[in-house]
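Residue 343 in this note's numbering sits at position 216 of the sequence shown, and the numbers go up by one each step.
Let me begin by presenting the structure, written as structure tokens, before commenting on it.
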Amino acid sequence: MSLKLRRLSYALGAEVCGIDVSRPMTEAAFGEIYRAFLAHGILLFRDQAITREQHIEFSRRFGELDRHDALPRDRHPDHPELLMVTNEPKPDGSPSDSRYTGRQWHSDMSFTMEPALGSLLRCIAVPEVGGDTLFANMYMAYDALSEGMKKLIAGLHGIHLSGTRKIANTETGIPRAEEQKRINPPVAQPVVRVHPETGRKALYIGEKVRRFDGMTEEESKPLIDYLVRHATRPEFVYRQHWRKNDVLVWDNRCTMHQALGDFDETRLRHMERTTVLGTPSGYVVANG
Ligand SMILES: O=C(O)CCC(=O)C(=O)O
Numbered sequence: 128m129s130l131k132l133r134r135l136s137y138a139l140g141a142e143v144c145g146i147d148v149s150r151p152m153t154e155a156a157f158g159e160i161y162r163a164f165l166a167h168g169i170l171l172f173r174d175q176a177i178t179r180e181q182h183i184e185f186s187r188r189f190g191e192l193d194r195h196d197a198l199p200r201d202r203h204p205d206h207p208e209l210l211m212v213t214n215e216p217k218p219d220g221s222p223s224d225s226r227y228t229g230r231q232w233h234s235d236m237s238f239t240m241e242p243a244l245g246s247l248l249r250c251i252a253v254p255e256v257g258g259d260t261l262f263a264n265m266y267m268a269y270d271a272l273s274e275g276m277k278k279l280i281a282g283l284h285g286i287h288l289s290g291t292r293k294i295a296n297t298e299t300g301i302p303r304a305e306e307q308k309r310i311n312p313p314v315a316q317p318v319v320r321v322h323p324e325t326g327r328k329a330l331y332i333g334e335k336v337r338r339f340d341g342m343t344e345e346e347s348k349p350l351i352d353y354l355v356r357h358a359t360r361p362e363f364v365y366r367q368h369w370r371k372n373d374v375l376v377w378d379n380r381c382t383m384h385q386a387l388g389d390f391d392e393t394r395l396r397h398m399e400r401t402t403v404l405g406t407p408s409g410y411v412v413a414n415g
């Protein structure tokens with residue numbers, strides 16, 4: 128098989144054309160897809176009218192799947208491998224817990240010691256306009272830094288927090304952020320990560336980083352803000368306009384992303400995500 132790819136932007140991403148991800152695929156055929164994934168950071172498969180089971184099955188080709196113990200509130204009750212990203216109200220009419228998922232720049236599960244290798248997001252419903260997602264190429268962001276800045280950040284670890292959303296837990300009354308903090312204590316991750324498969328260095332930063340280990344928030348903030356601003360310059364970014372039945376897989380080790388929330392919130396936006404477990408990284412910080 129020779130993959131037909133169409134590049135999505137200057138910075139990253141490719142659309143894989145003419146593939147039905149629900150069809151059986153040989154190791155060799157999947158190998159081509161995986162090599163394209165490593166080369167382009169994100170791959171888009173359009174027009175995939177698949178079931179939840181098929182989404183999970185295709186995702187397993189990329190590796191072992193997370194059962195989302197770190198985000199128990201957002202997983203599907205019958206399919207723990209699926210994380211709901213939806214603004215569809217709960218059966219009792221209360222707002223969805225995951226309606227603001229991903230509204231800041233982040234790399235999935237960076238707040239755990241097994242940050243995600245990849246994520247596969249399936250678009251089930253999207254408003255007529257908006258609901259886009261931005262992705263940034265963190266290899267490019269790292270490469271573009273000065274030698275002085277590369278030296279400065281070489282040994283730094285950023286402390287990543289999980290829950291930054293202020294959504295009340297309606298059952299317990301404990302704010303969701305507090306609940307998340309209890310399940311997921313803060314984890315320090317290297318600011319520069321070597322991609323375990325490509326061997327390339329990538330910036331590993333985002334808006335879940337509160338401070339650098341060994342430094343105060345006040346000292347850390349200007350550099351965190353600078354690095355996030357730098358990494359999200361337009362030349363490093365791709366903007367995904369979702370269509371129903373899009374399946375998009377991204378490499379969390381060399382990209383970060385943000386859901387924009389640029390849509391009418393009375394319109395349904397429903398996405399479902401699988402998360403592929405990555406290699407262990409980071410350490411828990413007691414006083415995060
Ligand atoms: O809903 C989106 O566009 C992105 C969701 C997200 O950030 C995530 O699942 O990590």
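Glycine residues also receive a C-beta, built at the ideal position from the N, C-alpha and C atoms.
Item                                                                                                             : Value
Whole-number beta carbon distance between Leu-139 and Thr-260, since they are thought to touch under 8 angstroms : Contact doesn't hold; Cβ gap of about 13 angstroms is too wide.
CB of Ile-160 within 9 angstroms of CB of Leu-135, strictly                                                      : no
Contact check, Gly-168 vs Trp-377, beta carbons under 9 angstroms                                                : yes
First and last residue of the uninterrupted beta strand (DSSP E) at His-284                                      : 284-287
From Phe-238, Pro-317, Thr-239, Asp-196, residue whose alpha carbon lies closest to that of Lys-277              : Pro-317
Beta-carbon separation (whole angstroms), Tyr-410 vs Ala-329, contact threshold 8 angstroms                      : About 19 angstroms; that fails the 8 angstroms criterion.
Arg-150 versus Asn-214, Gln-181, Pro-254, Met-240, residue with shortest Cα-Cα distance                          : Gln-181
Proximity to Trp-232 [Cα-Cα], best of Asp-224, Gln-385, Glu-241, Ala-141                                         : Gln-385
Uninterrupted beta strand (DSSP E) stretches inside the stretch 157-188 (no shorter than 3 residues)             : 169-172
For His-287 and Leu-247, the rounded distance between their alpha carbons                                        : 22 angstroms
Ala-315 versus His-203: straight-line alpha-carbon distance, rounded                                             : 28 angstroms
Bounding residues of the beta strand (DSSP E) (the contiguous stretch that carries Leu-198)                      : Leu-198 -> no beta strand (DSSP E), and no H or E assigned at all.
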